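A.B. asks: Residue numbers (UniProt numbering), protein chains in the order written: chain U, 1 to 224; chain H, 1 to 220. Right, I'll just put the structure down here and ask away after.
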């Protein structure tokens, strides 16, 4: 009997992405929620290099890094495809995921978290980067087409987490006026029956983000 | 199987990775040399997000980011597979490739930029240490034949040496990294690699120029 375990954190978008992938494939798994301020010996054993969540354990063999895990899930289990089948479309999907994680989310996080001139610069950069996504989603229900796909799963920070951050600090970066198509995607996304079961409750997220502002909180932070 | 063009420069190791992948698969291609100080309209049109090389054009459709390009090449041309067949082995290869680009490259660059500052050296050598452990007892990261991860790590066979020269420091010393050093020798002897390595002096100049340029920006 195959055994699947996921070490994650209920408020981490990276962890939630992997859960979405597992659920899309109908994989049964044991979920272990990590206290990121007090990481378990098992987590440190299975991800000694980065010491982060999520970590997937399949038949005792660990895999770290959400994008790597999701591709592994797509290749290992039957069910709806997470990545497209066509090589060119796969390359495009991987490109958008990289863009989201390495450029877009980083700039957006800085726009939220960093005050002063550096924060203003980050806002300008984020505003420019979001235009690429606005263009890409035009005329499509999801980045993956008719159904949620790799890019939609990986855009969960923009789809949900960022909206909560914006509200907390009164940041007006990702607005309907400036990004009508992207905001339409967000509405469809957070109301999608499958996706909404994989989003942490808003009031709990508010608490986490407020706690983030406190010194000494060593929990969630994207790679900046 | 379609027209292949590669926009790049000979001194850039992400571009070299693509040259190696194309040569290993026997894919004919046209190399279009870019002047990174005066980027062509083609480059800016084909890679508007990053504006960088390499850009692969397959029947005029662009693919960017070297790791993504290699996977595209591997999935499109099936001879001489670069990634492993087994999904777990593939996951490990992708994990380590990310580690190389996110930790090893950046820490080596920092060691160079800081002209061998102790903390930077330690950080870079710690990262290289993981690769040393990974290659122990193996001829190539891919096993008996070179594969995806060898192409990803390949820059240490030349570009790292150039960084050592420009930074006036030593990272990949043969006492601490015997296996990685041995792998380097195996790697550069592969014909497809050997025939496409640029002269070391060109890479040294490339890094020196890049460093000076960044310093001049910081000074302003």
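Ideal Cβ placement from N, Cα and C applies to all residues, glycine included. This structure is a prediction, so every number in the text was calculated from the model and none was measured.
#1: Can you find a heavy atom of the ligand FMN that lies under 8 Å from the Cβ of residue 114/U?
#2: Check the Cβ of residue 117/U against every Cβ in chain H and list those closer than 9 Å, keeping chain order.
#3: May I ask which residues mark the beginning and end of the beta strand (DSSP E) holding residue 3/H?
#4: Does the separation of the CB atoms of residue 173/U and residue 113/U fall below 9 Å?
#5: For residue 29/H, which of helix, strand or coil comes out of DSSP?
#6: Please work out which residues of its chain come closer than 7 Å, Cβ to Cβ, to residue 159/U, disregarding the five sequence neighbours upstream and downstream, and give them in chain order.
#7: Could you tell me which of 152/H, 156/H, 185/H, 39/H sits nearest to residue 172/H, measuring between CA atoms?
#8: What residue does the beta strand (DSSP E) around residue 62/U start on, and which one ends it?
#9: Between residue 208/H and the rest of its own chain, which residues show a CB-CB distance below 8 Å, the 5 nearest in sequence each way excluded?
#10: According to DSSP, simplified to helix, strand and coil, what is residue 206/H?
#11: Give the residues of chain U in contact with residue 91/H, contact being defined as C-beta atoms less than 8 Å apart.
#12: Determine the burial state of residue 74/U: buried for a count of at least 16 other Cβ atoms within 10 Å of its Cβ, exposed for fewer.
#13: Give the range of the beta strand (DSSP E) segment to which residue 7/U is assigned.
#14: If you compare alpha carbons, which of 148/H, 201/H, 204/H is closest to residue 187/H?
#15: Please return the same chain residues whose Cβ sits closer than 6 Å to the Cβ of residue 7/H, not counting the five positions on each side in sequence.
#16: Taking the straight line between their C-alpha atoms, what separation do you get for residue 11/H and residue 113/H?
#17: Three-state secondary structure (DSSP) at residue 10/H?
#18: For chain H, find out if any of its Cβ atoms is closer than 9 Å to the Cβ of residue 132/U; answer yes or no.
#19: For residue 82/H and residue 134/H, which I take to be in contact (beta-carbon distance under 8 Å), what is that distance rounded to the nearest angstrom?
#20: Considering just the uninterrupted stretch of the alpha helix (DSSP H) at residue 194/H, what are its terminal residues?
#21: Drop a sphere of 10 angstroms on the beta-carbon of residue 99/H, count the other beta-carbons inside from all chains shown, and report buried for 16 or more, exposed for fewer.
#22: Thinking just about the alpha-carbon of each residue, which of 59/H, 130/H, 184/H is nearest to the one in residue 146/H?
#23: Near residue 163/H, what residues of its chain come up, given a Cβ to Cβ distance below 8 Å and the 5 sequence neighbours on each side ignored?
#24: Identify the residues that DSSP records as bridge partners of residue 33/U: which are they?
#25: Apart from the five residues just before and just after residue 15/H, which ones in its own chain have a Cβ nearer than 8 Å to its Cβ?
#26: Taking just the CA atoms, how far does residue 211/H sit from residue 119/H?
#27: For residue 61/H, which beta-bridge partners are listed by DSSP?
#28: Closest to residue 61/U by C-alpha separation, out of 154/H, 76/H, 88/H, 48/H, would be which residue?
#29: Let me check understanding here. Comparing Cα to Cα, which of 117/U, 137/U, 169/U, 21/U lies closest to residue 72/U?
#30: Are the C-beta atoms of residue 88/U and some chain C residue less than 9 Å apart?
#31: Answer yes or no: does any C-beta atom of chain U fall closer than 9 Å to that of residue 104/H?
#32: Would you say residue 98/U faces chain H, with C-beta separation under 9 Å as the test?
#33: Taking only three categories from DSSP, how would you classify residue 122/U?
#34: Evaluate residue 86/U with the Cβ neighbour count: other Cβ atoms within 10 Å of its Cβ, from every protein chain shown; 16 or more gives buried, anything less gives exposed.
#35: Could you check whether residue 105/H and residue 158/H sit closer than 9 Å to each other, using their CB atoms as the reference points?
#36: Mind listing which residues of the region 68 to 80 of chain H have their C-beta closer than 8 Å to chain U's C-betas, in chain order?
C.D. replies: Looking at the atomic coordinates:
#1: The ligand FMN is not among the ligands present in this structure, which contains no ligands whatsoever.
#2: Within chain H, no residue comes near residue 117/U; the closest Cβ sits about 15 Å away, beyond 9 Å.
#3: Unbroken run through residue 3/H: none, as it is neither H nor E.
#4: no
#5: coil
#6: 186, 189, 190
#7: 156/H
#8: 61 to 64
#9: 166
#10: helix
#11: 63, 68, 69, 71, 72
#12: buried
#13: 4 to 8
#14: 148/H
#15: 32, 34, 43, 53, 55
#16: 18 Å
#17: coil
#18: yes
#19: Residue 82/H to residue 134/H, Cβ: 17 Å. No contact.
#20: 191 to 194
#21: buried
#22: 184/H
#23: 108, 109, 111, 112, 171, 207
#24: 8/U
#25: 6, 8, 9, 53, 54, 66
#26: 19 Å
#27: 58/H
#28: 88/H
#29: 21/U
#30: The structure shown contains no chain C; its protein chains are U and H.
#31: no
#32: yes
#33: helix
#34: exposed
#35: no
#36: 68, 69, 71, 72, 75, 76
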